[in-house]
Amino acid sequence: MKLAIVGNGAIGNLLALKCHNQQQEFCLVTRTQQAFTLVATDIFKHIHNIQIQPLEINQLNKADIIILPVKAYQIADSVAELKPHLRAEQTLVLLHNGMGVIEAVKALLPNNPIIAATTSHAAYKPNATTLFETGLGICHLGYIARGQNSPPQRCNNTNRDALLTSLLAPCCWHANIEQALWDKLAINAVINPLTALHQIKNGQLAQPQYHSIIEDICLETANVMTACGFSAEPSILVDRVKHVIETTSVNYSSMYQDITHKRQSEILFINGYICQQAQILGINVPANQNLLKCITALEAHY
Ligand code: PAF
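The sequence shown maps to residues 382 to 683 in our numbering.
Shown next as structure tokens:
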């Protein structure tokens with residue numbers, strides 16, 4: 382079964398490392414089209430030299446599964462660009478932080494099986510050819526569309542799901558992936574903007590001075606989640622956030638990395654999405670609004 386990973390970001394490279402370790406055939410769909418060696422250091426400090434073979438976009442129809450570990454704001458444009466090269470049987474896996482893009486993808490690809498996934502695995506990418514695996518997390522995934530056509534023999538659902546299960550391990554499949562996406566959004570709404578604003582590693586959020594802001598963000602997010610029909614208990618959200626802070630303590634969050642490198646962040650799809658839903662529902666979310674304002678102001682000064 383052939384797997385294509387779109388982009389050359391930290392999570393995409395982490396998947397390349399997993400493929401390499403599991404001897405799974407894969408290709409990277411990148412803009413540069415140049416073969417290169419990715420030097421990846423895994424969580425056990427083992428160094429792997431991985432030969433990356435870029436796949437031209439017009440060869441994409443050869444892949445059975447296409448994983449898109451790209452930023453939330455890039456998804457709609459990426460899918461529109463890939464669309465002319467896709468067959469209806471090919472499975473698309475969306476793997477990003479934040480919410481608010483699924484409907485656009487479903488509209489663009491009404492016939493393909495689509496899986497939404499979110500991960501708390503952590504990686505740091507100091508440059509285009511170097512990767513450090515910095516935290517062992519968990520991946521949540523589930524189908525948001527089953528596809529119109531029956532899959533071909535060589536790539537049936539069972540093989541496809543088994544491959545993703547081993548590649549994204551430890552992972553958890555959900556019948557209702559939206560609940561899991563909200564649960565992860567609640568974690569990103571705390572860790573990402575706070576680490577970016579205070580320029581700290583995830584683990585530093587365990588310090589007592591961050592406790593009350595963490596509680597405020599979780600309470601607001603739980604209120605919005607409940608009003609949207611999802612289950613959320615503020616104290617459980619706080620516990621989950623603390624768990625991720627602990628398991629990814631040495632990691633620089635993706636938003637920290639975006640802000641440090643003066644790149645666009647995913648704030649509009651994280652705290653911005655919470656604020657947008659809150660406004661529709663008439664719920665006050667001052668802590669989320671403040672974080673949205675602060676990160677947007679930082680981005681405006683690049
Ligand atoms: O965006 C990130 O950095 C990650 O989703 C997480 C889990 C917050 C770890 O840094």
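Virtual Cβ for every residue (Gly too), placed ideally from N, Cα, C.
Can you tell me whether residue i is buried or exposed, with buried defined as 16 or more other CB within 10 angstroms of its CB?
i, result
"P533", "Any reading at P533 needs caution, since the residue's pLDDT is 49, under 50, leaving its predicted position unreliable; the model's value is listed next. By the 10 Å Cβ count, P533 comes out exposed."
"D445", "buried"
"F425", "exposed"
"E514", "buried"
"C345", "The structure shown has nothing for residue 345, since the chain only spans 382 to 683."
"Q529", "exposed"
"K643", "exposed"
"T539", "exposed"
"T511", "exposed"
"R527", "exposed"
"N442", "exposed"
"I447", "buried"
From residue i to residue j, what distance separates their C-alpha atoms?
i, j, result
"I415", "G516", "With the sequence shown as reference, residue 415 is identified as Gln, and Ile is not the correct amino acid for it. Between Q415 and G516, the C-alpha separation is close to 29 Å."
"G481", "Y654", "7 Å"
"I651", "K674", "13 Å"
"K582", "L473", "32 Å"
"F611", "I676", "27 Å"
"V622", "S616", "10 Å"
"H555", "L475", "14 Å"
"Y637", "Q580", "7 Å"
"L522", "G663", "30 Å"
"N449", "N430", "Note that residue 449 is Leu in the sequence shown here, rather than Asn. Each residue's alpha carbon lies about 23 Å from the other."
"N394", "A659", "35 Å"
"P551", "H502", "9 Å"
"L649", "D458", "16 Å"
"R535", "I525", "For R535, the predicted model reports a pLDDT of 45, less than 50, meaning its position is unreliable; a value from the coordinates is still stated below. Roughly 22 Å separates the two Cα atoms."
"I519", "E470", "27 Å"
"E647", "T413", "24 Å"
"K399", "K383", "14 Å"
"L396", "G584", "24 Å"
"V619", "Q440", "45 Å"
"L436", "Q405", "15 Å"
"Q403", "V625", "26 Å"
DSSP three-state label for residue i, please.
i, result
"I664", "coil"
"Q432", "strand"
"A550", "coil"
"A421", "strand"
"T539", "helix"
"I655", "helix"
"L512", "strand"
"L679", "helix"
"L467", "coil"
"Q534", "Its pLDDT being 45, under 50, Q534 is placed unreliably in this model, and the coordinates cannot settle the point."
"L517", "coil"
Could you give the first and the last residue of the continuous beta strand (DSSP E) run that contains residue i?
i, result
"A503", "503-508"
"G523", "520-527"
"P494", "494-500"
"C599", "Not the beta strand (DSSP E): C599 falls in the alpha helix (DSSP H), residues 592-608."
"I386", "384-387"
"T472", "472-476"
"T411", "Unbroken run through T411: none, as it is neither H nor E."
"I438", "It is not in any beta strand (DSSP E) - I438 carries neither H nor E in the DSSP assignment."
Out of the options, which one is the CA nearest neighbour of residue i?
i, options, result
"A391", "Q670, Y633, C656", "Y633"
"A497", "K452, L384, I558", "I558"
"N604", "A567, R621, A503", "A567"
"N671", "L618, L578, T629", "L578"
"A668", "I428, V571, Q590, P507", "V571"
"K606", "G584, C656, V631", "Contrary to the premise, residue 606 reads as Met rather than Lys in this sequence. With distances taken between Cα atoms, M606 lies closest to C656."
"L545", "I594, W563, A561, I495", "I495"
"P507", "D639, Q455, A678", "D639"
"D423", "Q560, Q645, Y505", "Y505"
"L490", "A461, A385, L575", "A461"
"A681", "V666, Q645, I661, N665", "Q645"
"V387", "Q434, L586, T641", "Q434"
Which residue comes first and which comes last in the alpha helix (DSSP H) that contains residue i?
i, result
"I483", "483-489"
"I558", "558-579"
"I626", "615-628"
"I392", "391-402"
"I447", "First-last for I447: 446-449, but that is the beta strand (DSSP E), not the alpha helix (DSSP H)."
Using 6 Å as the cut-off, classify the Cβ of residue i as near or not near the heavy atoms of ligand 3, replying yes or no.
i, result
"S501", "Of the ligands one can find in the structure shown, namely ligand 1, none is ligand 3."
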